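Right, one structure below, let's go through it.
Protein chains in written order, with our numbering: chain A, 1 to 195; chain B, 196 to 446.
Take a look at the structure:
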């Protein structure tokens with residue numbers, strides 16, 4: 001089984017309304033994204049709300065296209081393009097938040113997309129907490145994650161919180177673990193046997 | 196003995212989070228001051244309140260004081276749930292107050308106490324005749340500029356709210372305040388007469404400008420007094436709690 005397949009299989013086991021800490025090794029980021037979008041979400045017909053705070057919608061969209069990953073059921077919330085003074089014209093699949101410091105607006109855009117979604121099963125992918133931590137204090141980030149994840153749980157929406165292992169401090173790990181039901185770890189030593 | 200609050204009939208705004216803040220909605224027949232500076236979303240929220248009412252079968256009326264209704268409808272956010280048939284069936288009615296001024300001959304720059312009474316009576320009569328259950332006046336401040344004195348404004352609002360309440364009409368009086376002011380109204384009498392105050396604002400935080408909403412007062416119900424951040428979307432007004440760790444101040 002490929003690494004992406006193994007991660008997707010682990011995702012299959014998560015119960016409804018769960019929050020999962022998806023700890024990804026820096027070299028395996030795209031394997032993890034493929035697992036979520038191309039295998040898990042596509043197979044289960046899940047609507048995905050992809051909150052991107054690391055790279056712009058345009059960039060992630062181009063990468064996913066190059067990897068031939070179907071994004072027709074993915075809606076993006078781009079928190080970074082405005083800050084980079086980048087393009088904010090993205091079509092119908094993306095909403096922009098002016099800055100990664102506007103955490104309330106991330107919640108509001110997510111709420112809007114959840115209301116618009118007709119899918120039975122919905123998934124919010126937060127990519128990544130490390131990027132949000134650059135712009136926000138641990139205190140406000142912790143408050144945000146607690147409110148955000150609790151709200152999604154109450155609506156029976158699954159949440160995947162991405163952290164990049166090499167860039168995550170123990171304190172940040174604690175913040176994410178506090179709101180997570182379980183951890184899926186995608187790192188080098190696990191790849192050898194499965195890829 | 197006071198009526199237990201759970202028995203007070205509610206007028207659901209239809210804005211899910213606001214109804215939750217108000218423990219079920221605005222107590223029926225209350226007159227609410229919806230106040231805030233420009234660009235805070237007062238008109239959009241008020242319109243949504245009316246649309247939801249009309250969709251529930253309650254005849255609703257928007258009284259536009261400064262802006263022609265057609266222009267207002269063209270500029271306001273395009274709600275997904277605004278069924279155009281509500282307009283043709285007159286479940287949702289738009290009235291331009293300048294036309295009422297003209298019909299009543301109230302064309303002077305300043306109205307007398309008697310004329311203020313005539314204006315209030317005319318609006319109440321309209322509500323009675325059309326069986327209106329929800330009404331918005333946008334804005335009460337603009338009417339205030341025509342009344343000039345606090346005495347006339349107080350008299351006008353008292354008469355209006357008493358009449359509307361007697362007819363079971365739940366009303367939002369939109370009030371404009373200057374950015375940065377601590378007051379809830381321009382003439383300083385409106386807030387004392389209203390049954391409730393919903394304050395909308397712009398909050399600057401580290402260079403970001405957030406739209407906020409806070410229920411300051413609401414007679415007839417307990418309610419949250421916390422500040423919320425809002426977004427105006429085609430799906431309606433959405434609210435989430437303001438993150439306390441974010442800091443910042445209002446404008």
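By construction, the Cβ of each residue, glycine as well, lies at the ideal position given by its N, Cα and C atoms.
Here the structure is a predicted model, which means the values were calculated and not measured.
- A Cβ-Cβ distance of about 6 Å is found for the pair residue 48 of chain A and residue 37 of chain A, placing them in contact under the 8 Å criterion.
- A Cβ of chain B is located within less than 7 Å of the beta carbon of residue 103 of chain A.
- Following the DSSP letters along the chain, one finds residue 23 of chain A inside the beta strand (DSSP E) bounded by residues 19 to 24.
- Under DSSP, residue 222 of chain B forms a beta bridge with B:205.
- Annotated three-state conformation of residue 422 of chain B is strand, per DSSP.
- Sixteen is the threshold: when 16 or more other Cβ atoms of the shown chains lie within 10 Å of the Cβ of residue 256 of chain B, as they do, the residue is buried.
- Residue 298 of chain B has a beta carbon lying at 7 Å or more from every beta carbon in chain A.
- Taking the C-beta atoms as reference points, residue 258 of chain B is found no nearer than 7 Å to residue 288 of chain B.
- Between residue 144 of chain A and residue 103 of chain A, the CB-CB gap stays under 7 Å.
- Annotation: residue 149 of chain A to residue 387 of chain B spans about 40 Å, alpha carbon to alpha carbon.
- Non-local C-beta neighbours of residue 228 of chain B in its own chain, meaning closer than 6 Å and more than five positions away in sequence, comprise 368, 370, 385, 386, 389 and 392, ordered along the chain.
- At least one CB of chain A lies nearer than 7 Å to the CB of residue 433 of chain B.
- Secondary structure remark: continuous alpha helix (DSSP H) runs of at least 4 residues inside the stretch 92 to 172 of chain A, in chain order: 103 to 116, 129 to 135 and 138 to 154.
- Using a CB distance cut-off of 7 Å, residue 438 of chain B counts as an interface residue toward chain A.
- In the DSSP assignment, the residues bridged to residue 436 of chain B are B:423.
- Among the CB atoms of chain A, one or more fall inside 7 Å of the CB of residue 426 of chain B.
- Contact between residue 17 of chain A and residue 158 of chain A holds: their C-beta atoms lie close to 7 Å from each other, under 8 Å.
- Going by DSSP, residue 29 of chain A is part of the alpha helix (DSSP H) stretching over 29 to 34.
- In chain A, no part has a C-beta under 7 Å from the C-beta of residue 278 of chain B; the shortest such distance is about 17 Å.
- Look at residue 412 of chain B here: in three-state DSSP terms it is strand.
- Residue environment: residue 221 of chain B is assigned as buried (16 or more neighbouring CB atoms within 10 Å of its CB, all protein chains considered).
- Burial check for residue 302 of chain B: the Cβ neighbour count within 10 Å stays below 16, so the residue is exposed.
- In this chain, the beta strand (DSSP E) harbouring residue 371 of chain B covers 365 to 371.
- Looking at A:162, A:168 and A:83, the one whose alpha-carbon comes closest to that of residue 126 of chain A is A:162.
- Unbroken alpha helix (DSSP H) runs of no fewer than 4 residues, entirely contained in the stretch 46 to 90 of chain A, are found at 57 to 66, following chain order.
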